[in-house]
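Student: Under this note's numbering, the letters of the sequence shown match residues 3 to 72, in that order.
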Amino acid sequence: MENHYPNQLPDKIMVSSLSDVERAAFYKKTYSHVAGGVLVFVLFEYLLLQSETIVEFMLSMTEGYNGCYY
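1) Which of helix, strand or coil does DSSP assign to Leu20?
2) Tell me where the alpha helix (DSSP H) around Ile56 begins and ends.
3) DSSP state of Lys14, grouped into three classes?
Quick look at the structure:
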């Protein structure tokens with residue numbers, strides 16, 4: 003079968019088989035991407051919680067739940 007995506011590697015490579023420099027670069031890229039995703043999520047949630055309309059809607063979905071169990 004012909005590879006229609008020339009920029010992709012033909013075989014999978016295990017991270018453990020890479021050199022220390024390549025492995026460090028891989029981890030840096032991976033965790034930078036994860037940190038960026040978490041940051042975007044936190045900023046998005048912050049912006050949502052600034053909207054009184056959205057907060058009222060969320061509270062209506064939980065019927066004003068305030069953490070009491072009785």
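For each residue, glycine too, the CB sits at the ideal point set by N, CA and C.
Tutor: If we stick to the structure as given:
1) coil
2) 54 to 63
3) coil
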